[in-house]
Amino acid sequence: AGLDAVQAAVREVLDSIDDPRLAPYLAHAGVEPGSVSMHVIVQEMVPAVAAGVAFSRNPLTGLADVLIEAVPGTGDLLLSGRETPERWVRHWGEWTEQPEASPLPESVAVELAEHVATMAKAWGAPIDVEWAWDGTAISWLQLRPMTATDVPVYSNRLAREFLPGMIPPLVWSINIPIVNRAWLDLFESAVGDLDLEPEDLSRQFAYRAYFNMGAVGDIFEAMSMPRDLLEVLIGIEGGDDRPTFRPRIGVVRHLPRMSRLGWRMARYHHLLDRLVPEVEAEVARLDARELTSLSDKGLASHLLDLEKVVGKIAPANIVAPLLFNAYSAILRRRLARRGIDAEAIDLGAGQPELEAYDPTPRLRVLASRMTELDEATQARVRAGDVELIPGMDGFLDRFGHISDSGNDFSHVPWREDPSVLVPLLEASVPDPATTEEASLPDDLSRMDRSLLGRASRYRLERERVSYAYARSYGRFRAAVLEIARRLVHRETLDEPEQAFLLSRAEMEAGLLEGRLALRELALSRATEMDRLADVDMPEVIFGDDFEPAPPADPEHQLRGTPSSRGVVRTTARVVSGIDEAERVIAGDVVVIPYSDIGWTPMLARAGGIVAESGGLLSHSSIVAREFGVPCVVSVPGAMRIPDGATVRVDGYTGEIQWEAAA
Numbered sequence: 168a169g170l171d172a173v174q175a176a177v178r179e180v181l182d183s184i185d186d187p188r189l190a191p192y193l194a195h196a197g198v199e200p201g202s203v204s205m206h207v208i209v210q211e212m213v214p215a216v217a218a219g220v221a222f223s224r225n226p227l228t229g230l231a232d233v234l235i236e237a238v239p240g241t242g243d244l245l246l247s248g249r250e251t252p253e254r255w256v257r258h259w260g261e262w263t264e265q266p267e268a269s270p271l272p273e274s275v276a277v278e279l280a281e282h283v284a285t286m287a288k289a290w291g292a293p294i295d296v297e298w299a300w301d302g303t304a305i306s307w308l309q310l311r312p313m314t315a316t317d318v319p320v321y322s323n324r325l326a327r328e329f330l331p332g333m334i335p336p337l338v339w340s341i342n343i344p345i346v347n348r349a350w351l352d353l354f355e356s357a358v359g360d361l362d363l364e365p366e367d368l369s370r371q372f373a374y375r376a377y378f379n380m381g382a383v384g385d386i387f388e389a390m391s392m393p394r395d396l397l398e399v400l401i402g403i404e405g406g407d408d409r410p411t412f413r414p415r416i417g418v419v420r421h422l423p424r425m426s427r428l429g430w431r432m433a434r435y436h437h438l439l440d441r442l443v444p445e446v447e448a449e450v451a452r453l454d455a456r457e458l459t460s461l462s463d464k465g466l467a468s469h470l471l472d473l474e475k476v477v478g479k480i481a482p483a484n485i486v487a488p489l490l491f492n493a494y495s496a497i498l499r500r501r502l503a504r505r506g507i508d509a510e511a512i513d514l515g516a517g518q519p520e521l522e523a524y525d526p527t528p529r530l531r532v533l534a535s536r537m538t539e540l541d542e543a544t545q546a547r548v549r550a551g552d553v554e555l556i557p558g559m560d561g562f563l564d565r566f567g568h569i570s571d572s573g574n575d576f577s578h579v580p581w582r583e584d585p586s587v588l589v590p591l592l593e594a595s596v597p598d599p600a601t602t603e604e605a606s607l608p609d610d611l612s613r614m615d616r617s618l619l620g621r622a623s624r625y626r627l628e629r630e631r632v633s634y635a636y637a638r639s640y641g642r643f644r645a646a647v648l649e650i651a652r653r654l655v656h657r658e659t660l661d662e663p664e665q666a667f668l669l670s671r672a673e674m675e676a677g678l679l680e681g682r683l684a685l686r687e688l689a690l691s692r693a694t695e696m697d698r699l700a701d702v703d704m705p706e707v708i709f710g711d712d713f714e715p716a717p718p719a720d721p722e723h724q725l726r727g728t729p730s731s732r733g734v735v736r737t738t739a740r741v742v743s744g745i746d747e748a749e750r751v752i753a754g755d756v757v758v759i760p761y762s763d764i765g766w767t768p769m770l771a772r773a774g775g776i777v778a779e780s781g782g783l784l785s786h787s788s789i790v791a792r793e794f795g796v797p798c799v800v801s802v803p804g805a806m807r808i809p810d811g812a813t814v815r816v817d818g819y820t821g822e823i824q825w826e827a828a829a
């Protein structure tokens with residue numbers, strides 16, 4: 168209060184530019200101390216009942232949360248890290264997190280959230296603000312643009328439907344370029360060049376498939392739809408103000424291209440009538456090759472030929488199911504308006520051709536023939552000699568490419584091990600029960616009859632294309648096993664199955680260039696896959712620095728508020744005060760009760776920070792973000808983490824786990 172006091176305070180701030188505690192920040196930023204200038208903002212003090220900070224987006228994940236932190240009184244204790252704030256999180260108009268009791272009324276929290284969202288929209292980018300509430304009105308003290316909100320987000324919500332479980336490197340390196348290229352071509356036919364590569368659409372974590380939702384967001388934006396739709400796709404909870412799939416006005420520029428695509432889709436069955444027989448003929452031609460007689464270069468060329476054939480049918484394997492789903496969904500909605508249960512309509516009725524692509528009816532016939540064999544022959548069949556059943560050879564010619572996973576050719580197909588069919592034959596799959604189908608009225612409109620015809624047509628096309636794709640894609644296995652046989656013969660690998668642990672480039676290098684380190688590489692990956700086999704994988708992963716968590720153990724697990732992104736697994740160093748700073752080795756996770764400016768030189772050496780108190784703008788959080796290390800604050804019981812234990816800190820979820828002592 169008073170001019171002299173204000174001037175003294177200004178001088179104190181100006182002089183702080185020479186504080187030695189600033190040195191770690193400047194060194195990290197590569198800034199010379201003499202090049203820094205200091206300016207001072209003077210503001211009237213607000214007699215705050217509550218104060219804090221707010222973010223228009225989640226600063227850790229980039230999700231569309233409005234996040235508020237509040238403390239009673241002024242916000243200086245919040246910034247010092249000695250106070251654990253109350254936390255409010257609002258997503259799409261609904262609180263997903265809020266305190267049970269608070270000096271901040273919920274109506275004020277709603278006003279804060281709405282104003283922050285409005286300011287961010289006016290600013291044109293995500294922001295964070297400091298605020299104070301005097302019991303009547305909100306004062307906005309400071310606004311800053313948020314930095315680095317484009318956090319990579321990966322989801323396996325849909326990916327695990329296409330590539331479930333652990334995917335060997337070879338399968339990944341062959342499958343992903345083909346399938347992702349098909350998806351990209353489909354999107355680009357609608358909106359033009361997306362400046363994306365097939366590998367941008369997905370990524371492996373712990374050998375599991377995840378879609379890159381950032382790339383999906385780029386596609387949404389190119390199609391003039393809200394980028395935040397990706398949060399709908401990955402199942403983020405929230406209120407009713409969620410974005411919709413309704414395109415914005417910008418979609419107009421794509422209308423000519425989309426019209427051409429629509430015309431193609433309307434006539435797509437004509438393309439399939441040419442494409443499927445063409446692919447089947449090419450597969451038959453490739454099957455006629457004697458792989459053992461090919462040279463090494465010829466075998467590598469054979470892989471390229473296979474890639475071209477599979478790449479030709481892959482787009483149809485996406486489009487045919489999409490068209491079937493689209494036509495049947497429109498038909499069901501139209502019939503439902505007339506009170507007709509469209510779910511009871513068999514869209515495959517009257518199409519005996521479907522049995523050509525479904526092994527189940529033929530398995531029923533083979534199971535019946537098995538029961539007609541004498542007991543001795545049946546015993547041999549049960550022991551694995553299923554070829555003794557009349558007609559089994561023809562069945563394997565038709566369906567021998569099937570395995571446990573149609574997208575993973577490392578799995579042994581029925582052709583190679585027909586004995587896996589024994590349980591199916593023993594079960595003697597019964598004929599499906601006859602169910603009463605919904606009857607269709609005679610007065611169906613022309614549109615409804617057209618939709619019914621197209622839905623039925625694409626019910627068949629979906630199976631026909633899927634069969635052609637699976638047969639052609641499965642041919643990679645025979646080529647890989649021949650390459651593997653040669654690598655084993657040359658003592659580059661110990662056994663053929665190790666080839667699936669190599670990428671395609673590595674395998675071909677071993678074939679053509681004679682690299683001998685592939686055995687060690689395969690063994691290393693086998694060990695790693697065994698180690699990661701039972702890892703509990705999250706549905707959503709934020710950032711590229713994922714570190715699998717150990718199995719959950721309540722005795723060695725804590726949770727707090729994530730305040731600086733990243734994941735680290737290293738040694739925990741529990742420090743009660745700066746007098747213990749010499750115990751911290753560069754890269755340690757520093758576990759502290761709180762932090763203040765004097766702790767900065769010690770924290771500058773940390774590989775991660777865990778604090779019992781603090782919030783998103785506490786000192787420890789700011790230091791962590793400055794130095795790019797993960798940080799979790801407001802962690803009750805953090806100081807009981809054993810000093811020297813191996814600890815995993817997740818700066819996205821706030822989870823902290825440490826390994827029990829041996």
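Letter 369 of the sequence shown, counting from 1, is numbered 536 in my numbering, and no numbers are missing. Glycine included, each C-beta is placed from N, C-alpha and C at the ideal position.
Coarse secondary structure for residue i, derived from DSSP in three states
i, result
"GLY620", "helix"
"THR544", "helix"
"THR601", "Bear in mind that a pLDDT of 49 at THR601, under 50, signals an unreliable position, so the model cannot answer this."
"GLN174", "helix"
"GLY219", "strand"
"ASP697", "helix"
"GLN371", "strand"
"LEU245", "helix"
"ILE823", "strand"
"ASN379", "strand"
"PHE713", "coil"
"GLU297", "strand"
"PRO768", "helix"
"ASP317", "coil"
"ILE345", "helix"
"ALA455", "coil"
"TRP307", "strand"
"ILE650", "helix"
Exposed unless 16 or more other CB atoms sit within 10 angstroms - verdict on residue i
i, result
"ILE764", "exposed"
"ALA376", "buried"
"ALA231", "buried"
"ARG427", "exposed"
"ASP755", "buried"
"GLU630", "buried"
"GLU250", "buried"
"TRP430", "exposed"
"GLN309", "exposed"
"MET559", "buried"
"GLU628", "buried"
"THR602", "Residue placement at THR602 is flagged as unreliable, the pLDDT there being 46, under the threshold of 50; the coordinate-derived value follows with that caveat. Label assigned to THR602: exposed."
Contacts around residue i, its chain only, beta-carbon distance under 7 Å, and the 5 residues preceding and following it disregarded
i, result
"ILE650", "LEU466, ALA666, MET674, LEU678"
"ILE235", "GLY219, ALA221, TRP255, ALA276, LEU279, ALA280"
"ALA284", "SER223, VAL233"
Contact set for residue i: own chain, Cβ-Cβ below 6 Å, skip 5 residues either direction
i, result
"THR728", "VAL800, SER801, GLY821"
"ALA676", "ARG682"
Range covered by the alpha helix (DSSP H) that runs through residue i
i, result
"ALA499", "This sequence places Arg at residue 499; Ala is not what is there. Counting along the chain, the alpha helix (DSSP H) containing ARG499 begins and ends at 463–503."
"GLY677", "671–680"
Start and end residues, beta strand (DSSP E) containing residue i
i, result
"TYR321", "320–322"
"LEU800", "Residue 800 is actually Val in this sequence, not Leu. Looking at the DSSP string, the run of the beta strand (DSSP E) that includes VAL800 is 798–800."
"ILE759", "756–759"
Cut-off 8 Å between Cβ atoms - residues of its own chain near residue i, not counting five sequence neighbours on either side
i, result
"GLY551", "PRO585, SER586, VAL589"
"SER340", "SER670, ARG671, ALA672"
"LEU592", "LEU530, LEU533, ALA534, MET537, VAL548, VAL553, ILE556"
Chain C within 8 Å of residue i, Cβ atoms only
i, result
"GLY406", "Of the protein chains in the structure, only one exists, and it is not chain C."
Does the pairing of the region 808–821 with the region 785–798 give three or more beta-carbon distances under 8 Å?
yes
Determine contact between the region 457–464 and the region 392–403, defined as no fewer than three beta-carbon pairs at a distance below 8 Å.
no
Any 3 or more C-beta pairs closer than 8 Å across the region 494–503 and the region 631–648
no
Spell out a yes or no on whether the region 317–330 and the region 377–385 are touching, meaning 3 or more CB-CB pairs, one atom from each, closer than 8 Å.
yes
On the three-pair Cβ rule with 8 Å, is the region 681–700 touching the region 290–306?
no
Could you check whether the region 612–623 touches the region 498–505, counting it as contact only if at least three pairs of C-beta atoms, one from each stretch, sit closer than 8 Å?
yes
Sufficient close CB pairs (3 or more, under 8 Å) joining the region 768–775 to the region 732–747
yes
Evaluate the contact criterion for the region 710–726 versus the region 780–795: three or more CB pairs, one atom per stretch, below 8 Å.
no
Closer than 8 Å is the cut-off here; do at least three beta carbon pairs connect the region 340–352 with the region 400–416?
no
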